[in-house]
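S.K.: What follows is a single structure, and I will ask about it in a moment.
Right, here's the structure in full:
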């Protein structure tokens, strides 16, 4: 960096970005780590060794994450394969899957599963009639089933593109060299798509570690890390800042280890497909077609069930916690819009502000990192990726502990909710922005500057318009994931600042399914409307950067 | 970017400022109860109230954290043994409405105001009895046939759970108590108890009358409430004034309204909260028995609060059903 560099705005913006990241990302994280060592009484790590319940929570969480990752992969990869390579009846529904994962609140999913497979559930009662008893849905059975049927979609999304792009000529070459079709697929295709599968499987692993909503509803006797952190943070009689910080640190360390592994694995096993031509999907007919569309149909139908449940529940009469299925009403919806519209307004306001801040920040910062590197930018790059290792619960605990008082008291404000949103979702915008900027040649920018346009104006007039489609898709993905955020905001929200997911969580917790469904349905709409408008009116390709 | 951040902070500040004038109630109560109370407060005192909900531990600790600059005005409601530890952030208030409350429910200096009375009951799902007769008393639930079929809120993080287990340990002989505990499944969330029984996950749950009755009232015919024949116990829930409440006198008015006859009738009708006042006849409004017809044991809440740590340690060591260890 020479002297003249300081005449451009970039070093200053870098310093500002680093300062913001330092205060809002590094400081809470360090606060947690420090508190785990020096808190009230003994170091949290020593306490932990003596605490069998916490140790079992860690063991259970790792086991659950492993099993769910395995099942998700076993469902997601075959589904991705058939949908990338074949055409069959009802295939259109599979393309809806990515949206489903984005729109259905996890609490609703857990509740729906209980209504189907719980002790009094539809299927359970049916099987009981035939003398078949299935295990209680609370605990391992329920956790594994419901999480696998949510998270396989991430494996599907992560793998389907890789399979689609796989050059079929390679497979044909292998076959013409005498390898059987099935073998050629395993030996030629698998190595190429393996990084994509591994990356999405590891993503699922980290998501299970951080999962709060399903863990707390279905966990019961199975102690899990995120629930233990939440309880250490909020439960009465257990105000243990040290323990909460220690457990949070463990969660962070596990996820960091996984992310590190992810980098290593993917860096090692990358195969480049040069000018590949993707295989054209083959039609499937006859028995094979029925079998594939039947199997895929079942998987998709199961994933869609929660949506159907809330759509019906939202218009069903209820008295207190008791649903009167078959009797219809508009009262629940009237509640969302007229009697108690607070959560709807809050959600739109907070998620809207957070999306704007998050996208603006990540666009600018990824520009700095990719195009204007200086001494600070590698650091910015690292620090801005840290939130990926923080589950919502950990982030919530960190923010709550660090900004409770002191130099920046944010507890009980709307700012802390927006802040939690921005920190949680900003890394996605960063990844997206950097991917796009790598594809924009420097020469265009240099041409503009050499023609006399100042650097910042060049950024606004030349670079930004080229980034715009990607920024738009990042904005929409940020919006959808922010509106549905629960675990961090649940810890930092204060009264009157409930968002839709928080309200749904509270209502389901009180057993008021009808109201919860109404808010759930509105949440789905709030998420979907911008997606639909963007993809149909503005032709934004949502998964452009994937 | 900077401008944006500044605007956000400003917006957030404005939002916080606009709400400051109305009393803010930190409440552990479910949505229908809160709405009924809000309506009465609006009606009687002309006050719009802000609501913050959460578990009693969360909320009390938040009040403690906000000691320097209180954000809430009223806490509503929890048991005396939970609130006792937070006396230094609360303020005594002798509401005129307390004259209608029996003296034995009131606490010294009126640090907290008795808001309603909970009766510990057994919620039974008759569909899950598999032909067996419904339990009539605690000792029936101590039968090994009930192992893993009774759910109870975790005493370690729910005041309901603590009240229940403490009471049972005093009410039952050591052997029955141990056998009953061995049958229990502990739930980390107290709301999972009535839900678990209503959904048929468990045949029975030990919970407050109010929670079970919402299902009976809703028309779920397989749910019944058992008042154990050898006796059960009650526990009052209290409201309290936050020390340095920003709404000042309006906070006191909100408590008065909360304790008023209208409010307690409304809460009885909507949320099935048994009133703390003596001037309300329960059976006029809901199909719940009068308190005088239930056999009640007196439990010492002060002692319960004092021996909490020792009791929980003892509790943790007792074998239970469905525990992962």
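Chains as they are written, first to last, in our numbering: chain Z, 284 to 829; chain X, 121 to 445. Beta carbons: idealized from backbone N, C-alpha and C, even for Gly.
#1: Taking residue 597(Z) and residue 801(Z) to be in contact with their CB atoms under 8 Å, please state how far apart those CB atoms are, rounded to whole angstroms.
#2: Can you give me, in chain order, the residues of the stretch 594-605 of chain Z that have a beta carbon less than 8 Å from any beta carbon in chain X?
#3: Taking only beta carbons into account, state which residues of the stretch 316-327 of chain X come closer than 7 Å to chain Z, listed in chain order.
#4: When the Cα atoms are used, what is the spatial distance from residue 520(Z) to residue 510(Z)?
#5: Any residues in the stretch 762-796 of chain Z with a beta carbon nearer than 7 Å to a beta carbon of chain X? Which ones, in chain order?
#6: In terms of residues, what are the limits of the beta strand (DSSP E) holding residue 243(X)?
#7: Considering only C-alpha positions, which residue in the set 213(X), 188(X), 249(X) is nearest to residue 375(X)?
#8: Please tell me whether residue 504(Z) has its Cβ less than 8 Å away from any Cβ of chain X.
#9: What does DSSP give as the partner residue(s) for residue 305(X) in the beta ladder?
#10: At the level of alpha carbons, what is the spacing between residue 340(Z) and residue 764(Z)?
#11: By Cβ distance below 6 Å, which residues in the same chain neighbour residue 302(X) in space, the five residues on each side in sequence not counted?
#12: Among 391(X), 288(X), 273(X), which one has its Cα closest to the Cα of residue 307(X)?
#13: What residue from 388(X), 158(X), 198(X) has the CA that sits closest to residue 142(X)'s CA?
#14: Please confirm whether residue 494(Z) has its beta-carbon closer than 8 Å to some beta-carbon of chain X.
#15: Taking just the CA atoms, how far does residue 397(X) sit from residue 388(X)?
#16: Can you find the residues in the same chain that come closer than 7 Å, C-beta to C-beta, to residue 295(X), ignoring five residues on each side of it along the sequence?
#17: Since residue 355(X) is in the beta strand (DSSP E), which residue starts that stretch and which ends it?
#18: State buried or exposed for residue 794(Z), treating a residue as buried only when at least 16 other CB atoms are found within 10 Å of its CB.
#19: Would you say residue 401(Z) lies against chain X (beta-carbon separation less than 8 Å)?
#20: Is the shortest distance between the beta-carbon of residue 103(X) and the beta-carbons of chain Z less than 8 Å?
#21: Would you list, in chain order, the members of the stretch 161-187 of chain X that have their beta-carbon closer than 8 Å to a beta-carbon of chain Z?
#22: Am I right that residue 504(Z) and residue 430(Z) are in contact with their C-beta atoms under 8 Å? What's the rounded C-beta distance?
#23: Quick test of the definition: if touching needs 3 or more C-beta pairs under 8 Å, does the stretch 298-317 of chain Z touch the stretch 672-685 of chain Z?
#24: Just checking: is the beta-carbon of residue 277(X) within a distance shorter than 8 Å of some beta-carbon in chain Z?
#25: How is the beta strand (DSSP E) around residue 659(Z) delimited, first residue to last?
#26: Could you list the residues in the stretch 410-443 of chain Z with a C-beta less than 7 Å from some C-beta on chain X, going in chain order?
#27: Within this structure, are the beta carbons of residue 196(X) and residue 271(X) separated by less than 8 Å?
#28: Going straight from the alpha carbon of residue 604(Z) to that of residue 152(X), what length do you get?
#29: Determine the DSSP secondary structure at residue 450(Z), reduced to helix, strand or coil.
#30: Which value, in whole angstroms, describes the spacing of the CA atoms of residue 407(Z) and residue 401(Z)?
#31: For the stretch 352-367 of chain Z against the stretch 426-441 of chain Z, are there 3 or more C-beta pairs whose distance is under 8 Å?
#32: Is it right to say residue 335(Z) is buried, meaning 16 or more other beta carbons lie within 10 angstroms of its own, or is it exposed?
#33: Going along chain X, which residues have a C-beta under 8 Å from residue 819(Z)?
#34: Give the straight-line distance between the Cα atoms of residue 201(X) and residue 184(X), rounded to the nearest whole angstrom.
#35: For the alpha helix (DSSP H) that contains residue 796(Z), what are its first and last residues?
#36: With 8 Å as the threshold, decide whether the Cβ of residue 397(Z) is near any Cβ in chain X.
M.R.: Inspection of the coordinates gives the following:
#1: 4 Å
#2: 601, 602, 603, 604, 605
#3: 318, 319, 320, 321
#4: Unreliable placement is indicated for residue 520(Z), whose pLDDT of 46 sits below 50; the coordinate value is still reported in the next sentence. Distance between the alpha carbons of residue 520(Z) and residue 510(Z): 16 Å.
#5: 777, 778, 779, 789, 790, 792, 793, 794, 795
#6: 233-245
#7: 213(X)
#8: yes
#9: 271(X)
#10: 27 Å
#11: 439
#12: 273(X)
#13: 158(X)
#14: no
#15: 11 Å
#16: none
#17: 352-362
#18: buried
#19: yes
#20: The structure shown does not extend to residue 103(X), since chain X is modelled only from 121 to 445, so the question has no answer here.
#21: 170, 171, 172, 173, 174, 175, 176, 177, 178, 180, 181, 182, 185, 186
#22: 17 Å between Cβ atoms; not a contact.
#23: yes
#24: yes
#25: Careful: residue 659(Z) lies outside any beta strand (DSSP E) and carries neither H nor E.
#26: 419, 421
#27: no
#28: 11 Å
#29: strand
#30: 7 Å
#31: yes
#32: exposed
#33: The premise fails here: residue 819(Z) is roughly 29 Å from chain X at the closest Cβ pair, so nothing lies under 8 Å.
#34: 16 Å
#35: 796-815
#36: yes
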